[in-house]
Structure formats: C-alpha cells, structure tokens
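See structure below.
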Amino acid sequence: MASIFDSTRRLPDTERVDGDCGAVQLNSDPDPLQLGTIHLECTSLMGTRDFESMCTAIAVSQTTRKLSLQLEVDPHDGTSVHWWKWLAYSLFSKRANAFSAVESLAFISTRSMSVVDIEAFSTVLASDHPEEELFGCIPGLIEARDATAKAGTSFYWELTNRGHARRNSRAVTCQSSLYPVRTFSDDGKSEWVNVLVPGYGHCYVRRADLTFDEVTTLERPCSVTELRIGFDISEPSVSDGLSRFLAVIGSSLKRLTLNTSSFELNGNAVLQNCPNLEELSLCGGEMMDMKLDFSSFRASNEAIPELVFEWDTVSALANELSNQNNPLSKCLRRLRVYLTDERPPWGIIGAVRSNRPTFEADLSVLLNMLDVNKTLEYLDVVVPFGHFLYLNDFRAHHLKPIDRSLKLPTETKVAFLSVFLSRENPAERKKSKRRTTRGMQLMRPICQLDQHVMSKILAFTAPRVLRKVYLHGPPRNNFEEPDQIPI
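For the sequence shown, position 243 (counting from the first letter as 1) is numbered 243 according to full-length UniProt numbering, and the numbering increases by one without interruption.
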C-alpha cells in the first residue's frame, strides 16, 4: 500500500491498476509515473488493520487522481461503521485535503451506507482530534502533528489492545526518510510515540527518530470534486444514509453519478445538498438513465429551479422535454430510454401484442420530442431484439445541429484576438509617417470593440453541437452492459 499510494508527486500518465487490497499489480517500471486509476476490492474478509493501513496511505496519496473502492462489507456486523470512519479520514478530512491528490472517487457495489454509518463518518470529520477519535483514545498534551521519520527508523506495528508494541514483535525499518507520519495522543515526553504511518496504520516509534516540522499545514478545500455511488444489486444493501452523506460532503462536488436501482431518489434534495454541482448523472432506473448539466446556471449565478424526477411513463418524460420552458428540458443533456419490460441484458420482449400500442406510442412521442427539443445532445433508445420500428425516422435526427455550442479552443481565441491587438498599436502608429489608408480607418472601430461585444463574437464563432441519436437492441449479456451510464 505504501508503494501504491506514495506521497511523492508523480508525473501524470494513463496507466490503470486493478486488483484487490491484498495484491495490487503495478507497472513494472521501478520508478512508475502517476497512475491513471486505482481500483480496490474491499470485502468482509479484509482485516481491520489491513483496511486502516490502506486508508492511512490513501490520505496522503499523490500517485493517482482517480480512485475506485468496491465496498462489499456486511451491513449487520458493525464493520461498516468502522470502515466509514476511516473513509472519512482518508478521503475528506483536513489531512486528506492537505496531502491527497484524489479528485475523482467511486464507491461501487456498496453494501452499507446506513444512517449509523454516516453518523460515525460525520463524527470524525467534525472532531478536532480525528486520530484519537478513530482509535478511541484521549488527546495528549501535544496536538497531533506531522513529522519526518529519519532513515533507519523502526516502526512497531504489531500492537496490544492498549496500543503498545507486543513483546518480541517484528519491526519495519525504513531505508530512507519518510514524510509525513502523524503523531497523536502524545504526552510530549515519553520515549515512544503513537504514529500513523502511510501504508502501515497505527505504529509505535521512538521519539528520537522523528523530526518535527514547525511549518503549519495550510487548510485546503476538499480535493474530491467528482463522485460516483452505486449499491450492491446482487445482495441486500442499506442506503438510507445517502442523503446525510451528501449533506456532509456535497459542497465540494462538481460532478455526481448515482445508481438509483436500489433506492428512491429525491433529486431536488441532492441538488440542495450539493450547491456547486454542475453535472448530475442518474442511472440504474427501470425506464431511463440521464445526465443533467447545470453549468449554465452556475455560470450566471442563478438558482436551479425545482425539477420533476418522477415519471410514470416514457411519454410523460418526453412531453416535459417537448416544453422549451420546462426547467428539465434546459438541463437534460443525455438520455437513454429502455423500452423493454426489464432492463437488459435479460431482454424480455416489451413489444408483444399486449404492449404493442404503448411501445409504438413511446417511440412516436420520442420522435415528436426530437422535432421540438433543441438542447438534448444524446438520445439512446433500447428496444427489444428485432423491433426497430421508426428506425429511419430516428436516424433522420442523427448528427443534426442543436441550439448549443461547443467550447471554442483557447488557441483559436488567442489567434483571433491577436489579429485585433496587432492592428492597434498606438506607439507604432505614432512613429509611422505613412498616410492612413481607408482600410486602416475602417479597422480602428473594430479594434476598439469592448469585452462584451468580443465575447459575443467568439460565442457565435463556436461550432454548434451535433445531436447523436441511436436506436438498438439490448446487450446480449452482462459483460456488454455499460458500467458507466449515461455513456
């Protein structure tokens, strides 16, 4: 763990690391670049000390910006409470904010996010002494602080229930200096000190082997701005703490993806708990997956209007999207609709005789919506195998421009503006004794355009977004179903 979640900043790369917490495969390069994504499978078989050690490494990790955790913990044996306390410390605490490079986080196959779990989670974040809160010990006379362990320092990690080194226990010796280790519950005078060592967790070390920093670590905002949450669908899971969880950490989020297959969603409550959210993706529903974009509201500092997130039919949603004044039609960017009786890949035919009128009506109302709606960027319609009605009609809407523009590349903007700046140089014009031509006279007013007008010109210059429309059958097996929805 210490080698994977190293605290030394690396150069960015696109390598991906997958594995469980007991054996994670690394790039064979002895001096690896920064990892693209790390995925850790955490099951109930994982020991308490192993999970703690992993979290201490994550808290100071500089090796990855993307972290995925599979949290398959038994929701009934109390382990989940302990896990969530450590997840708070490793991902959202002041220490994590100061040291961790993780920006994109995913909790997948989550078995437990209960109210009790999140109460424990919140307690750690609110504590002035989070390290002591984790281990249930009394704060010492000296505040918890960061230190550098000298080369050759021995860490004793086999501890008794009282937190002391076991007799004849093995020690881990660091070959070079190690920073940062975190002291806690320190009386300021004893020979041995409690420390958190990245990758090893709670250890015991001699005070003489530590060099303490006088520099105070600056408080920084939470680095996690992108979050994906999914619950286990193969086993019973607990999700009643989700709303409180988002209320605690939601202020830092810019992008959020929720798999709603196992719980009822209150979309407007999510927006209230995440006041800076720019993108919200909802997947796993019975009828549809969607991605909403609120960046235009954020850019103009407007409040996001209350949205309707409950639709009994596909036709009801399509009718709302056909209303250009509906707030939802202004926010919805990507939509996947399932016109099957069950979600793929099981593919129970949804177009049998009893359902045929509804099936055709849903397709028809979606086509009518495409005629009116000018902001939806992507529509993916999943139909039963072989029932590709109106395929040519849907195809006619594919790659048609809509009333949204792509972002103009910075290089293009700079090149555009440089032309105007080069035309208007008073110093050069003063030196020149050449007669002013009619072309130069016409150019001057253009060069004197204000910032607002120039912004409008650049906005009209940007190419328009081309809408993508697809109609196809469901995937034939579980492996074909996308794991990130919407696409």
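The beta carbon of each residue, even a glycine, is placed where N, CA and C say it ideally should be.
Bear in mind the structure is a predicted one, so any value in this text is a computation, not a measurement.
Does the Cβ-Cβ distance between Pro384 and Thr340 come in under 8 Å? yes
Between the stretch 60-80 and the stretch 90-107, do three or more beta carbon pairs fall short of 8 Å? yes
Kindly provide the ranges of any alpha helix (DSSP H) runs that are 4 or more residues long and lie completely inside the stretch 229-300, ordered along the chain. 242-249, 267-273, 295-299
Closest to Tyr156 by C-alpha separation, out of Arg467, Ala361, Cys203, Pro221, would be which residue? Among Arg467, Ala361, Cys203, Pro221, the Cα nearest to that of Tyr156 belongs to Cys203.
Buried versus exposed call for Ala396 [16 or more other C-beta atoms within 10 Å across all chains shown]: Result: exposed.
Name the residue from Ala303, Val205, Leu280, Arg244 whose alpha carbon lies nearest to the alpha carbon of Asn259. Leu280
Pull up the CB-CB distance for Thr56 and Gly199, whole angstroms please, since I reckon it's below 8 Å. 7 Å
Considering only the beta carbon of each residue, do Ala147 and Thr211 sit closer than 8 Å? yes
Could you please give the first and the last residue of the uninterrupted beta strand (DSSP E) stretch that includes Thr43? 35-43
Whole angstroms are fine: how far does the CA of Cys137 sit from the CA of Asp187? Each residue's Cα considered, the two are about 12 Å apart.
Buried or exposed: where does Ile38 fall if 16 or more other Cβ atoms within 10 Å of its Cβ makes it buried? buried
To the nearest angstrom, report how far apart Ser112 and Val124 are at their CA atoms. 18 Å
Runs of beta strand (DSSP E) wholly within the stretch 141-182 (minimum 3 residues, chain order): Runs found: 145-149, 154-156, 171-173.
With a 10 Å radius around its C-beta and 16 neighbouring C-beta atoms as the bar for buried, classify Asn168 as buried or exposed. exposed
Taking 8 Å as the limit between beta carbons, can you name the residues of its chain near Ile142, skipping five residues before and five after? Thr183, Asp186, Asp187, Gly188
State the Cα-Cα distance for the pair Val248 and Ala126, rounded to the nearest angstrom. 10 Å
May I ask you to report which of helix, strand or coil DSSP gives Thr375? coil
Can you list, in chain order, the residues of its chain with a C-beta nearer than 6 Å to that of Glu131? Leave out the 5 residues immediately preceding and following it. The answer, listed in chain order, is Ala144, Phe184.
Span separating the alpha-carbon of Ser122 from that of Thr257: 21 Å
For Leu125, report the span of its beta strand (DSSP E) as first-last. Per DSSP, Leu125 belongs to no beta strand (DSSP E); it is in the alpha helix (DSSP H), 115-126.
If you measure between the beta carbons of Ser295 and Asp362, is that distance less than 8 Å? It is not a contact, given that the beta carbons lie outside the stated cut-off.
Which of helix, strand or coil DSSP assigns to Cys203: strand
On the criterion of 16 or more Cβ atoms from any shown chain inside 10 Å, does Arg467 qualify as buried, or is it exposed? buried
With respect to the beta strand (DSSP E) encompassing residue 534, which residues constitute its N-terminal and C-terminal limits? Absent from the model: residue 534. The displayed extent of the chain is 1 to 487, so no value can be given.
Separation of Asn368 from Glu377, as counted between CA atoms: 16 Å
Is it buried or exposed, Trp192, if we count other Cβ atoms within 10 angstroms and call 16 or more buried? exposed
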